[in-house]
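Engineer: First, the structure itself, so that you have it in front of you.
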Amino acid sequence: MNRFSGVRRNAAKSRKIRLGLWLPALCVLLWTAGCATARTAPDETGAVAAHTGPWTLTELTDELGGPDPIEGFNRAMFSVTDFVMVWIADPVGRVYTTILPRPVIEHFDNVCKNLEFPAHAFSSLGRAEWKGAWDETARFLLNTTVGIAGIFDPAAHWFDIYPTDSDFGLMFCDWGIGPGCTFMLPLVPTVNVRDTVGYLFDTAFDLKTYIPYAGYATALNRMTIAERDYSKLRAGSSDPYKSYREMMLARRELQRRMWFYRAKNAAAEQRRKLEKEPVPVEEPHVDAPAPRPAWVTAGWKQIPGYRPQSPVLDTMRVARFNAQNDDDPWYMRLSFLNGDFSRQCEDGELELAPDTPPLHYGFWAAPEPEKDQKGEPVPLPEKLAILIPGIGGNYFGMTSTALAELLHLHGYAVLSLDSPFAWQFMVATGNRRLPGFLPDDAAEIRAVLPGILGNLKKDGLIRDPQIVMLGYSMGALETLKISELEEKDNTLNIKRYLAINPPVELSNAIDRADALAQTGSGWSSAEAIDQLSDVAGKGLSVLSRTAPPYDPAAGGEPGFDYRLPVSQEQAEYVAALYFKTCLRHLLLFAHKERTLPQFQNEYRWGKRNALYHEIDKIGFREYAEEFLAPEYPDIPLAELYRQSGMRSFAESLKRNPEVRVIQSFDDFLLTEEDRKWLDATFGKRLTWFDHGAHLGNLYTLPVQQQIIADLELPAE
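In structure tokens, the structure reads:
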């Protein structure tokens, strides 16, 4: 007997002993937890109030995952996971993913999933999912043999047999056992008592458990796969623990419903029907173009074949606007060899205030110039585009990255900033005030730019470029305000300003956002979870495929529908959740740093859930009048609203020849009066598009071409 075989048997024995000790204890914990779920939110004293109004994200989180009475313990456990992901998995993963290309990592993950067959099959049986149990068994047999030990997945690719993702935690859930309470352990992918017990059963039924060191290899491999989503969650969240808990519970609910398993089977069934009875090919649907109103004097362009759904649904189509080169097929994102556009971004920092985190920004260097026949680079003017995102947006956000790629492809270096309404910007500037007052928000953007541009010049990334600025949504309004400030005192020497879908009056936008937040007021918790789960599954399906820009001349991508498969109510509910989440991040950090008197609950590291329940009830009108207005005691509320609207600096906008605006005629943030005012103010410097609502046409080629055309400067 060699030494290694002895170690292997001892390791397997040790694992069996640990499972034998922990399974009975946690089973007792599971059964005593019973069906304990929080149907309403407790306050700091533990009192429970009746639910009123639309369901907030925190309320739904507690409904799905149970209350969080040991929040301090859970946060400590999550901190260990976070430390491992950032300081161990990240550096180790960089080496690992550089040595091994992406196909090898993904095929190894296939092998690992194949070895988890017993847990999937037996838990499916326990859930009375007979087809699921059969599919898991068939997958194991096919992939182990034809798929060469699970390296490949012929079961899915050739036979339309898909994984169920079933496990024992889901089986216990189907048996009527509630989640208990929130319960986390380091590096364990569960967030409540029931699923933690189920995870131990999953481990006992996992064939990898009995293969020495297989668990470690699997963990490293999966952490590298999960790194991209985790790093984005962490960078964009003011409270990674809270965001992680919400994300895991949403994922868990989709697993419980077998959403993707059923969706893939339904799609396969539809394909088989079409193969048996082909449907006659129809001519591409082309909507009648929206008529140009008689009073419009600005540019008017149509997007043939856009097929509008509704202003809110069309707004959600901004999800179709993605960076095209951001999913390297050969190397994972961590790899030094990865070619994703987002990985080409230089992450910069600027210290703004003592004892505060630095302001982060992203920079993409201009593409290499083309070469002439002699192999010499063709000299081109140096161009820098400064990009300002919408409310709560980050420099690394999906829309900002897609716009940066579009600009980069046309020869621009790109500087991307956070929104002043993002918590990261507020913290970096010393948390001196709450954002939302347009003159100060624009002034703060303008104030940080000389320092950033100085850093870029010092690092040799730019020399003396022609600078253009563009913003979208709230960032567009801030861009226009900066144009007025620069007209009075030209410090940045910006040559062109482009505003994409700017709201004219913030007061109108506030009312619209608050109206969206009332969607679902009559829903029960079960109805709210049903709606949110359905739109989450559909949304993930939409984001899983990057479609090319919609080209009306070509009729779009063959067989691809750019419309979103969600209902009007779902779109309104999700849009409201996005806006409220931006507000949540801001108020949490402001309250943490300087204790806002408007809140009853104080900020505590290990006890924030009651505070979140309070924050999530705040609407934008309430924010403006009860939180923002006290920051400006010498300015009347009506004047705050007026100065935060475009009409307050109309004269500057009328006379500035370097301002351009792109606007959708059916943008739901505009009133009819706003449309006429925009047309009269900007004239030919404004381009109307007949459809697209609020940013929902950015994925179309006509809009992208207009963006580039509007930024084009005359030859010097």
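FYI, in mature numbering (1 follows the signal peptide of the UniProt record, and there is no 0) the residues of the sequence shown are -38 to -1, 1 to 678. In this text, a Cβ means the ideal position worked out from N, Cα and C, and glycines have one as well. Predicted, not measured: the structure shown is a model, and the values here were computed from it.
1. Between which residues of its own chain and residue 672 is the CB-CB distance below 8 Å, once the five residues before and five after are set aside?
2. What residue range is occupied by the uninterrupted alpha helix (DSSP H) comprising residue 534?
3. On the three-pair Cβ rule with 8 Å, is the segment 560 to 578 touching the segment 211 to 220?
4. So residue 309 is in the beta strand (DSSP E); what residue range does that whole segment cover?
5. Within the same chain, show all residues whose beta-carbon is closer than 7 Å to that of residue 500, passing over the 5 residues directly before and after it, in chain order.
6. For residue 384 and residue 322, I'd like the C-alpha separation in whole angstroms.
7. For the beta strand (DSSP E) containing residue 698, list its first residue and its last residue.
8. Between which residues of its own chain and residue 532 is the CB-CB distance below 6 Å, once the five residues before and five after are set aside?
9. Hey, is the segment 197 to 210 in contact with the segment 88 to 101, meaning 3+ C-beta pairs nearer than 8 Å?
10. Taking contact to mean at least 3 C-beta pairs separated by less than 8 Å, is the segment 642 to 661 in contact with the segment 254 to 263?
11. Please return the same chain residues whose Cβ sits closer than 8 Å to the Cβ of residue 407, not counting the five positions on each side in sequence.
12. Could you check where the beta strand (DSSP E) with residue 179 kicks off and where it finishes?
13. Tell me whether residue 316 is buried or exposed, calling it buried when 16 or more other Cβ atoms sit within 10 Å of its Cβ.
14. Quick check on the DSSP output: what are the complete beta strand (DSSP E) runs of length 3 or more inside the segment 377 to 458, in order along the chain?
15. Rounded to a whole number of angstroms, what is the C-alpha to C-alpha distance between residue 310 and residue 219?
16. Between which two residues does the beta strand (DSSP E) containing residue 649 stretch?
17. Where are the alpha helix (DSSP H) runs, 4 residues long or more, that stay fully inside the segment 195 to 225, in chain order?
18. State whether the segment 633 to 647 contacts the segment 465 to 483, with contact taken as three or more CB pairs (one from each stretch) at a distance under 8 Å.
19. In chain order, which continuous runs of the alpha helix (DSSP H) of length 4 or greater are located wholly inside the segment 122 to 169?
20. Taking residue 101 as part of the alpha helix (DSSP H), name the residues at either end of that continuous run.
21. Grouping DSSP H, G and I as helix and E and B as strand, with all else coil, what is residue 524?
22. List the endpoints of the continuous beta strand (DSSP E) containing residue 626.
23. CA-CA distance, residue 324 and residue 313?
24. Starting from residue 616 and walking both ways along the beta strand (DSSP E), at which residues does that stretch end?
25. Using the Cβ count rule (16 or more neighbours within 10 Å means buried), how would you classify residue 666?
26. Please list the terminal residues of the continuous beta strand (DSSP E) segment that includes residue 261.
27. How about the segment 155 to 165 and the segment 40 to 52: do they share at least three Cβ pairs that are nearer than 8 Å?
28. Expressed to the nearest angstrom, what Euclidean distance is found between the alpha-carbon atoms of residue -6 and residue 627?
29. Can you give the Cα-Cα distance for residue 546 and residue 364, rounded to whole angstroms?
30. In terms of residue numbering, what span does the beta strand (DSSP E) encompassing residue 346 cover?
31. For residue 60 and residue 583, I'd like the C-alpha separation in whole angstroms.
32. Assuming the contact rule is C-beta atoms closer than 8 Å, residue 319 and residue 410 should be a hit. Round their C-beta distance to whole Å, please.
33. Check whether the Cβ atoms of residue 344 and residue 286 sit closer than 8 Å, and answer yes or no.
34. If you count every other CB in all the chains shown that lies within 10 Å of the CB of residue 505, and 16 or more means buried, which is it?
35. Helix, strand or coil for residue 597, going by three-state DSSP, please let me know.
36. So, helix, strand or coil for residue 363, using DSSP?
Structural biologist: Reading from the atomic positions:
1. Only 458, 460, 622, 624, 649 meet the Cβ criterion.
2. Here the alpha helix (DSSP H) through residue 534 covers 530 to 556.
3. No contact exists between the segment 560 to 578 and the segment 211 to 220.
4. Unbroken beta strand (DSSP E) run through residue 309: 308 to 312.
5. Cβ within range, chain order: 527, 528.
6. Taking the straight line joining both Cα atoms gives about 12 Å.
7. Only positions -38 to 678 of the chain appear in this structure, which leaves residue 698 out of reach.
8. Closer than 6 Å at Cβ, skipping near neighbours: 493, 497.
9. Flag = no, the segment 197 to 210 and the segment 88 to 101 do not touch.
10. Flag = yes, the segment 642 to 661 and the segment 254 to 263 touch.
11. Beyond the five residues adjoining it in sequence on each side, residue 407 comes within less than 8 Å, by CB distance, of 350, 379, 382, 440, 444 in the same chain, given in chain order.
12. Element bounds for residue 179: not the beta strand (DSSP E) but the alpha helix (DSSP H), 176 to 198.
13. So residue 316 counts as exposed.
14. With a minimum length of 3 residues, the continuous beta strand (DSSP E) runs that stay inside the segment 377 to 458 are 428 to 434.
15. Across the structure, residue 310 and residue 219 are spaced so that their CA atoms are roughly 42 Å apart.
16. Note, residue 649: beta strand (DSSP E), 648 to 651.
17. Complete alpha helix (DSSP H) runs here, min 4: 202 to 218.
18. Yes: at least three Cβ pairs fall under 8 Å.
19. You should have 130 to 136, 155 to 166.
20. Note, residue 101: alpha helix (DSSP H), 92 to 107.
21. Three-state DSSP puts residue 524 in coil, outside helix and strand.
22. Residue 626: member of the beta strand (DSSP E) spanning 621 to 626, first to last residue.
23. Straight-line Cα distance between these residues: approximately 15 Å.
24. Run containing residue 616: none in the beta strand (DSSP E); it sits in the alpha helix (DSSP H), 612 to 617.
25. So residue 666 counts as buried.
26. Taken as a continuous stretch (DSSP letters only), the beta strand (DSSP E) holding residue 261 covers 261 to 263.
27. Flag = no, the segment 155 to 165 and the segment 40 to 52 do not touch.
28. Low confidence applies here, because residue -6 scores a pLDDT of 40, under 50, leaving its location unreliable and the question unanswered by this model.
29. Cα to Cα, residue 546 sits roughly 26 Å from residue 364.
30. Looking at the DSSP string, the run of the beta strand (DSSP E) that includes residue 346 is 345 to 350.
31. Residue 60 and residue 583: Cα-Cα distance of roughly 50 Å.
32. For residue 319 against residue 410, the beta-carbon gap comes to about 14 Å, at or over 8 Å, which does not count as contact.
33. The answer is no: Cβ separation not under 8 Å.
34. Residue environment: residue 505 is assigned as exposed (fewer than 16 neighbouring CB atoms within 10 Å of its CB, all protein chains considered).
35. Looking at residue 597 - three-state DSSP - the assignment turns out to be coil, as it is neither helix nor strand.
36. In the three-state DSSP reduction, residue 363 falls in the helix class (H, G or I).
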